[in-house]
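For reference, each letter of the sequence shown is one residue, going 34 to 200 in this note's numbering.
C-beta atoms are modelled at their ideal positions from N, C-alpha and C, and glycine is treated no differently.
Bear in mind the structure is a predicted one, so any value in this text is a computation, not a measurement.
These notes concern the structure reproduced below.
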Amino acid sequence: MDKTMSIKTRRTEFGWTQEQLAQHSGLSTRTVQRLEQGQAATLESLKCLAAVFETDVKTLMEEQDMTQIIQSRNSGPDAILDKESAAIDYVQNLKWFYIHLLLFAVLNLALFALNLAVTPGEWWIIYVILAWAAGLAVHAAYIFGSFGLFGAEWEQRQFRKRMGEWR
């Protein structure tokens, strides 16, 4: 392969989608997308890609440097639109989280009042609140980025483990 190939070019040469490259490399699909857009890669990401593309990390680092130089020349309106689009997506997700939080508070308050009025000796509302709070916690973890159980670090460990088995 030519030394000046981009990650996208290498990926398409293998006939892979971004999702397939992510699966083979152990990176997240979002990381593959960011790298193809010319954003800087970590050394760990480059190691994973080098293993998948059967090349060395130095070659990918050189390509990354060239891609960033080209991207910096082309960082015009499209780059701004991408950032604006990502910001709009985040704000919309944040809005829906706050709506979810508001519904949680209002409806559970109403259900609490109903519980007191209809069955004062039974506290079934606790089960509703706990279940809904669990869903709200998952939603919050997704929005605020602390959903690290199966995040990038876990993917890297699994990739290294799998590559060790194949050698």
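Between the CA atoms of residue j and residue i - distance to the nearest angstrom
i, j, result
"F137", "T88", "52 Å"
"Y175", "Y123", "11 Å"
"I79", "L144", "Per the sequence shown, the amino acid found at residue 79 is Leu instead of Ile. Each residue's alpha carbon lies about 53 Å from the other."
"T42", "W157", "58 Å"
"V161", "E155", "13 Å"
"I102", "E46", "At I102, the pLDDT of 48 sits below 50, so the modelled position is not reliable and the matter cannot be decided from this model."
"N107", "S118", "Caution applies to N107, whose pLDDT of 49 falls short of 50 and renders its modelled position unreliable; the model cannot decide the point."
"Q97", "S39", "8 Å"
"T50", "R67", "14 Å"
"K116", "L149", "49 Å"
"A170", "W187", "21 Å"
"F177", "T64", "18 Å"
"Q125", "I159", "30 Å"
"V151", "H172", "31 Å"
"G197", "T62", "22 Å"
"Q56", "L82", "11 Å"
"K91", "R193", "19 Å"
"L76", "G48", "24 Å"
Three-state secondary structure assigned by DSSP to residue i
i, result
"E69", "helix"
"W156", "coil"
"A74", "coil"
"T50", "coil"
"F177", "coil"
"T88", "coil"
"L60", "coil"
"S39", "coil"
Local Cβ density within 10 Å of residue i, reported as buried at 16 or more and exposed below that
i, result
"G168", "exposed"
"I132", "exposed"
"A13", "Past the edges of the chain, shown from 34 to 200, lies residue 13, and the structure says nothing about it."
"R195", "exposed"
"R190", "exposed"
"G59", "buried"
"V85", "buried"
"L142", "exposed"
"L54", "buried"
"S93", "Strictly speaking, residue 93 in this sequence is Leu, with Ser absent from that position. Classification of L93: buried, given that the 10 Å Cβ count is 16 or more."
Closer than 9 Å to chain D by CB, residue i
i, result
"E117", "Looking at the structure shown, chain D is missing, and only one protein chain is on hand."
Exercise. Which whole runs of the beta strand (DSSP E) in the region 116 to 151 are 3 residues long or more, in chain order?
Worked result: If only uninterrupted beta strand (DSSP E) runs of at least 3 residues are considered, none is enclosed by the region 116 to 151.
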